[in-house]
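Its first residue numbered 1, the sequence shown is counted upward by one per residue in UniProt numbering. Glycine is no exception: its CB is placed at the ideal position from the N, C-alpha and C atoms. Below is one structure, written out as structure tokens; comments come after it.
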Amino acid sequence: MEFNEKLQQLRTGKNLTQEQLAEQLYVSRTAISKWESGKGYPNIESLKCISKFFSVTIDELLSGEELITLAETENRSNLKKIYNYIYGILDMMAVAFIFLPLYGNSVGGYVYAVNLLSFTATTPFNLAVYWSAFAALIVIGIAKIILTHLDKETWGGIATKCSL
């Protein structure tokens with residue numbers, strides 16, 4: 001018996017509607033409907049709640065293959081979230097290029113390494129390009145971290161394409 005059939009059997013065995021079960025598990029009714037129609041699986045936390053609510057083990061709810069698939073999906077999702085945080089932090093670290101002495105200023109026949117704040121040996125246009133690029137990277141990094149934290153995958157994907 002598949003998970004969706006087991007869940008429906010357990011729910012009807014307790015004479016609960018999808019709405020009532022959703023309230024008990026703190027999920028939406030559409031989530032219950034999706035699970036019962038076989039169009040998706042709950043995450044690990046929801047599985048624990050279902051298991052506890054119906055007093056059955058997770059093994060009883062899921063077949064071995066379903067359990068492996070669910071764990072792989074959850075693992076991929078967690079890795080993607082970690083990578084998104086790392087990429088956001090790396091983008092925000094562009095601020096270091098503003099303060100590190102990476103730019104050469106020629107003074108009296110000598111070339112001194114200066115930070116971007118003190119860099120004068122370039123055209124105003126080039127300076128504007130440098131500042132714009134660093135500001136954009138920093139803003140994208142901040143947005144990436146916020147969107148990852150809020151689980152906004154669509155916007156997070158756009159931010160990833162814009163970042164380095």
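Neighbourhood of Val27 by C-beta distance below 7 Å, restricted to the same chain and skipping five residues each side: Ser46
Verify whether the separation of the beta carbon atoms of Lys6 and Leu61 is less than 8 Å. Contact: yes.
Using C-beta distances below 8 Å, list every residue in its chain close to Phe99, excluding the 5 sequence neighbours before and after it, in chain order. Asn115, Leu116 and Leu117
Proximity winner among Thr73, Phe97, Trp155 and Tyr85, relative to Ala135 (alpha-carbon distances): Phe97
Please give the ranges of any alpha helix (DSSP H) in the stretch 62–121, keeping only runs that are unbroken, at least 4 residues long and fully inside the region. If we require 4 residues or more, the alpha helix (DSSP H) runs fully inside the stretch 62–121 come out as 64–92 and 96–99.
If you follow the alpha helix (DSSP H) that Glu23 is part of, which residue opens it and which one closes it? Gln18 to Leu25
Buried or exposed, going by whether 16 or more other CB atoms sit within 10 Å of the CB of Arg11? buried
Mapping DSSP to helix, strand and coil, what is Ser46? helix
In terms of residues, what are the limits of the alpha helix (DSSP H) holding Leu147? Pro124 to His149
Would you identify the three-state DSSP class for Gly38, choosing helix, strand or coil? coil
Using only the alpha-carbon positions, how far apart do Gln9 and Glu66 sit? 18 Å
Considering only C-alpha positions, which residue in the set Thr120, Pro101 and Val95 is nearest to Val107? Thr120
Residue range of the alpha helix (DSSP H) that Glu5 falls in? Phe3 to Gly13
Among the residues of its own chain, which have a CB less than 8 Å from the CB of Val111, if the five just before and after it don't count? Gly104 and Asn105
CA-CA distance, residue 175 and Thr57? The shown model of the chain, from 1 to 164, leaves out residue 175, and the question about it has no answer.
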